[in-house]
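Peer 1: In our numbering, the protein residues as written are 984 to 1172. Note that CB positions come from ideal geometry on N, CA and C, so glycine has one too. This is the structure I want to talk about, given as structure tokens.
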Ligand code: ADP
Ligand code: 5GP
């Protein structure tokens, strides 16, 4: 069967700058659609239901696991996160270029699904800088930050499964590198 749409999967340890970079990518490439995930974590100040995430209750999330409605899902930093199977299948059927911002466990599930995604892992320059960015972002309490930093080490150990790995040290440079990946991969799809 001919491939209709195209999937891009981006993962990174929390605080590496993934959201910042993805926002810039979506602004530069209006032809790329963003897959809004579902999560059971509470919204951060400024986050909008339906735009940043669909914020749902744990019982609803678990019901959807039982009904096999997630294309992929994972428990990350103590909360559930998942991607709607119907949404992705419809988008791909319509020929969309779809960007998924998901963790390494979810990325592994997508890679095993046969959907043949382009996969990118974003690294922080160091764990110290990652900690500084999480603190400066000011959205998480110290316990949450400690948990995210601890998980970062395990996530970074799995970066080899991604096609592209880039370091977000200087934001402008990382953005240029990411744009180059998208341009190259969209040309060949
Ligand atoms: P993630 O989505 O990976 O958790 P964010 O995009 O929220 O990360 O970025 C975490 C924090 O780091 C934010 O405050 C953001 O403004 C900042 N940041 C992102 N990229 C850089 C960079 N290259 N240099 C310095 N700070 C950055
Ligand atoms: P945050 O709580 O900082 O928004 O996201 C925490 C982590 O969950 C990030 O690594 C993010 O990529 C991941 N994530 C967001 N949505 C999904 C999803 O739908 N599935 C999976 N597996 N991970 C997700």
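In the segment 992-1043, which residue ranges form an unbroken beta strand (DSSP E) of at least 3 residues, counting only runs that do not cross its ends?
Peer 2: Fully enclosed beta strand (DSSP E) runs of 3 or longer: 1015-1017, 1020-1022, 1036-1038.
Peer 1: Would you say residue 1087 and residue 1141 are within 8 Å of each other, going by their C-beta atoms?
Peer 2: Position 104 of the chain shown holds residue 1087. Position 158 of the chain shown holds residue 1141. Against a cut-off of 8 Å, the Cβ pair of residue 1141 and residue 1087 comes out as a contact.
Peer 1: Which residue comes first and which comes last in the beta strand (DSSP E) that contains residue 1104?
Peer 2: As a first step, residue 1104 is located in the chain shown; it is residue number 121 there, counting from the start. Element bounds for residue 1104: 1101-1106.
Peer 1: Taking the straight line between their C-alpha atoms, what separation do you get for residue 1008 and residue 1000?
Peer 2: As a working note, residue 1008 is residue 25 in the chain shown. As a working note, residue 1000 is residue 17 in the chain shown. Rounded to the nearest angstrom, the two C-alpha atoms are 12 Å apart.
Peer 1: Quick test of your reading: residue 1082 and residue 1158, contact by CB under 8 Å. State the CB separation rounded to the nearest angstrom.
Peer 2: Sequence index remark: in the chain shown, residue 1082 carries index 99 (1-based). Sequence index remark: in the chain shown, residue 1158 carries index 175 (1-based). Not a contact, Cβ separation roughly 14 Å.
Peer 1: Rounded to a whole number of angstroms, what is the C-alpha to C-alpha distance between residue 1152 and residue 1024?
Peer 2: Working through the chain shown from its first residue, we reach residue 1152 at position 169. Working through the chain shown from its first residue, we reach residue 1024 at position 41. The straight-line gap from Cα to Cα measures roughly 28 Å.
Peer 1: Based on the DSSP output, what are the partners of residue 1057 in its beta bridges?
Peer 2: Taking the chain shown and counting its residues from 1, one reaches residue 1057 at position 74. Bridge partners of residue 1057: 1064.
Peer 1: Residues around the ligand ADP, please: the condition is that the C-beta lies closer than 5 Å to some non-hydrogen atom of it.
Peer 2: Having a Cβ closer than 5 Å to some heavy atom of the ligand ADP are 995, 997, 998, 999, 1000, 1001, 1002, 1003, 1116, 1120, 1151, 1154.
Peer 1: Which residues in the same chain have their Cβ closer than 6 Å to the Cβ of residue 1005, if we skip the five residues on either side of it in sequence?
Peer 2: Along the chain shown, read from residue 1 onward, the residue named residue 1005 stands at position 22. Taken in chain order, the residues that qualify are 1084.
Peer 1: Mind checking residue 998: buried by the 16 CB within 10 Å criterion, or exposed?
Peer 2: Numbered from 1 along the chain shown, position 15 holds the residue referred to as residue 998. Under this definition residue 998 is a buried residue.
Peer 1: Would you report the Cα separation of residue 1105 and residue 1051, rounded to the nearest angstrom?
Peer 2: Residue numbering aside, residue 1105 sits at position 122 when the chain shown is read from its first letter. Residue numbering aside, residue 1051 sits at position 68 when the chain shown is read from its first letter. Rounded to the nearest angstrom, the two C-alpha atoms are 29 Å apart.
Peer 1: Classify residue 1138 as buried or exposed, calling it buried when 16 or more other Cβ atoms lie within 10 Å of its own Cβ.
Peer 2: Locating residue 1138 in the chain shown gives position 155, where the first residue counts as 1. By the 10 Å Cβ count, residue 1138 comes out buried.
Peer 1: Looking only at DSSP bridge pairs, what is residue 1084 linked to?
Peer 2: Along the chain shown, read from residue 1 onward, the residue named residue 1084 stands at position 101. Residue 1084 pairs with 993.
Peer 1: Would DSSP call residue 1149 helix, strand or coil?
Peer 2: The sequence position of residue 1149 within the chain shown is 166, counting from 1. DSSP places residue 1149 in strand when its eight states are reduced to three.
Peer 1: By the three-class DSSP mapping on this structure, what secondary structure does residue 1124 have?
Peer 2: Indexing the chain shown from 1 puts residue 1124 at position 141. Coil at residue 1124, not helix or strand.
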